[in-house]
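In the numbering used here, the protein residues as written are 1 to 428.
The beta-carbon is built from N, C-alpha and C at its ideal position, and this holds for glycine as well.
Computed from a prediction, not measured in an experiment: that's the story for all the values here.
Below you can see the structure in the form of structure tokens.
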């Protein structure tokens with residue numbers, strides 16, 4: 001895989017985690033990461049309801065765009081969170097950074113869950129929403145790097161399988177969030193959903209949060225970790241700029257495909273006229289596919305290498321995504337939606353399986369948390385955070401329902417270029 005001197009060397013004198021410890025780590029990171037992303041995904045799924053409650057402009061399109069912009073504005077905090085929490089992970093340890101990040105996420109979730117609406121306190125309502133999203137963005141900025149570094153340092157020979165749970169757990173997030181979407185849209189009237197029902201998922205996150213914090217506080221550090229003596233941030237920018245650029249490129253398809261999924265229920269409801277319950281059901285299918293198949297492709301990459309799996313997935317996505325959306329817009333309906341969402345989800349799972357391992361193998365252990373966090377957060381901020389907003393804007397201004405597919409195809413082409421550049425740094 002990558003050069004041993006950078007990614008697979010274990011620091012002498014440090015204990016390699018046992019099988020039990022490794023299993024506990026996978027569970028802890030998966031549960032905590034799923035909860036972190038649950039809060040973010042739920043906000044995206046409830047965008048239409050939140051738009052009416054916090055941004056009542058009188059124009060549904062403008063309200064939705066303002067809500068999606070608020071969803072995206074938190075991503076401006078991700079780079080700051082990646083710098084602070086990524087460096088903290090390289091200095092104080094992965095466990096400490098993971099515990100801090102989930103505590104901050106719970107704070108943001110609590111603020112959203114109890115926030116009064118515009119009808120109650122006027123313009124202060126969307127201001128509270130923005131502050132809460134900024135806190136969540138800061139937290140998420142350091143989550144990926146810390147969690148991926150911890151998983152990557154469990155067993156280099158099975159790194160693809162272990163780190164794949166970082167992305168598979170996001171599939172669990174989609175299952176939970178879309179499950180709430182199906183139940184709420186099916187069991188509650190629009191008035192009940194707008195009155196109190198939309199708060200239920202956020203309160204659910206608050207109930208699970210303390211359990212996730214307890215589990216993460218009990219984790220052990222990996223054998224590869226050794227506190228950085230020099231500044232991890234300075235080292236990363238001085239000696240590893242090329243690696244961060246390549247890692248940044250790998251993020252493009254991963255984040256565009258993932259965040260386009262968040263927009264699909266809104267797209268199915270508003271653009272295709274499909275019932276809300278079917279929109280959320282299709283996303284539930286996406287989450288199930290991601291949760292099951294991401295580890296399969298991660299394990300496959302341990303045997304075949306990261307590049308063959310990721311390149312194949314990128315090429316298939318580039319070729320298939322536009323025809324898939326053309327079919328969906330030509331024959332809109334629940335069956336077509338499930339078929340298209342399921343197919344795209346499987347291709348995405350193939351890319352995400354080796355994705356975290358490939359990124360971790362681009363950086364040495366001493367700066368892995370910093371390098372991963374910065375590369376990932378900047379990629380997600382630029383290409384993912386505003387993906388729903390960009391897609392909604394493109395549809396509104398072009399009148400084409402194929403706009404989401406063009407954006408995903410662009411992501412596939414960009415990540416293909418990064419994959420070819422990754423060979424320079426030993427990725428295979």
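Separation of residue j from residue i, as counted between CA atoms
| i | j | result |
| --- | --- | --- |
| residue 247 | residue 78 | 16 Å |
| residue 406 | residue 24 | 40 Å |
| residue 167 | residue 415 | 17 Å |
| residue 322 | residue 350 | 18 Å |
| residue 304 | residue 311 | 12 Å |
| residue 29 | residue 66 | 33 Å |
| residue 355 | residue 410 | 18 Å |
| residue 396 | residue 193 | 26 Å |
| residue 114 | residue 156 | 44 Å |
| residue 428 | residue 307 | 5 Å |
| residue 277 | residue 266 | 11 Å |
| residue 98 | residue 81 | 12 Å |
| residue 121 | residue 69 | 21 Å |
| residue 8 | residue 368 | The predicted model places residue 8 with a pLDDT of 38, which falls under 50 and marks its position as unreliable; any figure quoted below should be read in that light. Using only the alpha carbons, I get a separation of about 12 Å. |
| residue 242 | residue 33 | 28 Å |
| residue 245 | residue 375 | 7 Å |
| residue 313 | residue 352 | 9 Å |
| residue 83 | residue 249 | 18 Å |
| residue 118 | residue 60 | 15 Å |
| residue 106 | residue 132 | 10 Å |
| residue 37 | residue 209 | 12 Å |
| residue 41 | residue 255 | 13 Å |
Buried or exposed by the 16-neighbour rule on C-beta atoms within 10 Å, applied to residue i
| i | result |
| --- | --- |
| residue 240 | buried |
| residue 328 | buried |
| residue 207 | exposed |
| residue 54 | buried |
| residue 39 | buried |
| residue 191 | exposed |
| residue 196 | exposed |
| residue 43 | buried |
| residue 57 | exposed |
| residue 123 | exposed |
| residue 189 | exposed |
| residue 141 | buried |
| residue 419 | buried |
| residue 424 | exposed |
| residue 74 | buried |
| residue 163 | buried |
| residue 348 | buried |
| residue 364 | buried |
| residue 94 | buried |
| residue 345 | buried |
| residue 201 | buried |
Element boundaries [alpha helix (DSSP H), containing residue i]
| i | result |
| --- | --- |
| residue 49 | 47-54 |
| residue 177 | 159-187 |
| residue 155 | No alpha helix (DSSP H) holds residue 155; DSSP gives it neither H nor E. |
| residue 91 | 78-92 |
| residue 292 | 276-304 |
| residue 339 | 334-360 |
| residue 391 | 387-398 |
Interface flag, residue i vs chain B, CB-CB below 8 Å
| i | result |
| --- | --- |
| residue 349 | The structure shown contains no chain B; it is built from a single protein chain. |
DSSP state of residue i mapped onto helix, strand, coil
| i | result |
| --- | --- |
| residue 121 | helix |
| residue 116 | coil |
| residue 258 | helix |
| residue 424 | helix |
| residue 415 | helix |
| residue 410 | helix |
| residue 192 | helix |
| residue 364 | coil |
| residue 331 | coil |
| residue 197 | helix |
| residue 57 | coil |
| residue 271 | coil |
| residue 33 | helix |
| residue 136 | helix |
| residue 129 | helix |
| residue 96 | helix |
| residue 402 | coil |
| residue 11 | For residue 11, the predicted model reports a pLDDT of 38, less than 50, meaning its position is unreliable; a value from the coordinates is still stated below. In this structure, residue 11 counts as coil in the three-state DSSP scheme. |
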